[in-house]
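K.L.:
This is the structure I want to talk about, given as structure tokens.
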Amino acid sequence: MARFDGRVAIVTGAASGIGKEIALRFAAEGAIPVIADLNVEAAERTAEEIRGKGGEAMAVAMNVTDEAEVDAAVAEVAKKYGKIDILVSNAGIQIVAPLIEFTYADWKKMLAIHLDGAFLTTRACLRHMYEAKYGRVIYMGSVHSKEASKLKAPYVAAKHGLLGLAKVLAKEGAEYNVSANVVCPGFVRTPLVEKQIPEQAREFGISEEEVVRNIMLKETVDGEFTTTDDVADAVLFLAAARNCVMTGQSVVVSHGWFMQ
Ligand code: NAD
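Throughout the sequence shown, residue numbering follows the numbering used here, covering 50 to 309 in sequence.
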């Protein structure tokens, strides 16, 4: 029997990057990943890829900032499979600018996707998890849940906020066997990061190679990027926990960029 046989795992932002890898890895270990993403065509392609390998997957259109859409999509999943075992709240974007230039609209957009999205998807899933007395919730934090970087005020604020959300859910969810943890990756070369390299080069007036070497990987122990596989390993480890022995925690996977 595979580790996640029959487990239903909603992964937001799973049409690309880290979320996609997590969905593929869940499927490879017997779970039914639900690819929940703004980009429904790409979500459908990921689901097709999983079905092509003999797995089962579902794609749903979901803007994590839209209360009605989140509730409807989660209800649709629960109706189809009868339960929701795992939520990986992963959808995210990045907008970089110095604080003094940050527009209020961009600040609110960042907090809406990273924090409101985490809250809305959590609440919708808990309705089913509490009933089943089982749930594993994993938030995609970042080293920026622990550290700050210039130009990333709302991202850093939101990623720190996820730690608080996870700790509250750890306390409230325990009696229902629902655990909540945060995975905190260092830089991973996904579209989200590829976009930032030229942006930061422009902002700081340095080359793209210097952005990678002197900003992104400077504090790592070995100058290595974290990979989507590394992040998926940590997420699947937390999702497989038998009980709430590990809850309200954050796991940093960053080649030593941040040490607890
Ligand atoms: P990515 O751009 O490759 O993928 C993000 C996905 O989220 C996309 O498929 C996008 O369509 C989706 N998305 C964006 N807004 C959405 C919304 N409102 N509703 C639903 N889906 C939405 O990015 P990634 O690098 O894989 O990032 C995934 C998560 O990992 C983010 O939360 C990010 O902050 C976090 N993270 C990334 C890194 C990194 O270096 N890449 C490091 C630490 C944490």
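Every residue gets a Cβ at the ideal spot worked out from N, C-alpha and C, and that includes glycine. Remember, it's a predicted structure, so these values are computed and weren't measured experimentally.
Does I133 come out as helix, strand or coil in the three-state DSSP assignment?
P.N.:
It is coil, neither helix nor strand.
K.L.:
Is the separation between the beta-carbon of A215 and that of L164 shorter than 8 Å?
P.N.:
No.
K.L.:
Leaving out five residues on either side along the sequence, give the residues of the same chain with a beta carbon under 7 Å from the beta carbon of Y130.
P.N.:
Answer for Y130: V57 and I81, listed in chain order.
K.L.:
For S198 versus P234, is the C-beta distance shorter than 8 Å?
P.N.:
Result no, Cβ atoms of S198 and P234 do not sit closer than 8 Å.
K.L.:
Shortest alpha-carbon distance to N292 belongs to which of A202, V205, R100 and E224?
P.N.:
Comparing Cα-Cα distances from N292 to each of A202, V205, R100 and E224, the minimum goes to E224.
K.L.:
Keeping to the same chain, check which residues put their C-beta closer than 8 Å to that of L200; ignore five residues upstream and five downstream.
P.N.:
V145, A146, P147, Q249 and E252, listed in sequence order.
K.L.:
Quick check: does the Cβ of M107 come within less than 7 Å of any heavy atom belonging to the ligand NAD?
P.N.:
M107 Cβ: outside cutoff for every heavy atom of the ligand NAD.
K.L.:
Could you tell me how far apart the beta carbons of S299 and L212 are, in whole angstroms, since I believe they sit closer than 8 Å?
P.N.:
About 6 Å separates the two Cβ atoms, so the contact holds.
K.L.:
According to the Cβ coordinates, are T276 and W306 closer than 8 Å?
P.N.:
No; because the gap between Cβ atoms is not below 8 Å, this pair is not in contact.
K.L.:
Is E118 near N112, with beta carbons less than 8 Å apart?
P.N.:
Yes, these two residues count as a Cβ contact at 8 Å.
K.L.:
Using only alpha-carbon positions, find the residue among I67, Y183 and A173 that is nearest to A283.
P.N.:
Residue I67 is the option with its Cα nearest to A283.
K.L.:
Roughly how many angstroms separate the alpha carbons of L73 and I135, rounded to a whole number?
P.N.:
Roughly 14 Å separates the two Cα atoms.
K.L.:
Within its chain, find whatever has a CB closer than 6 Å to the CB of K267; leave out the 5 residues flanking it on each side and keep chain order.
P.N.:
Answer for K267: no residue qualifies.
K.L.:
For Q298, does the three-state DSSP call read helix, strand or coil?
P.N.:
Correct three-state label for Q298: strand.
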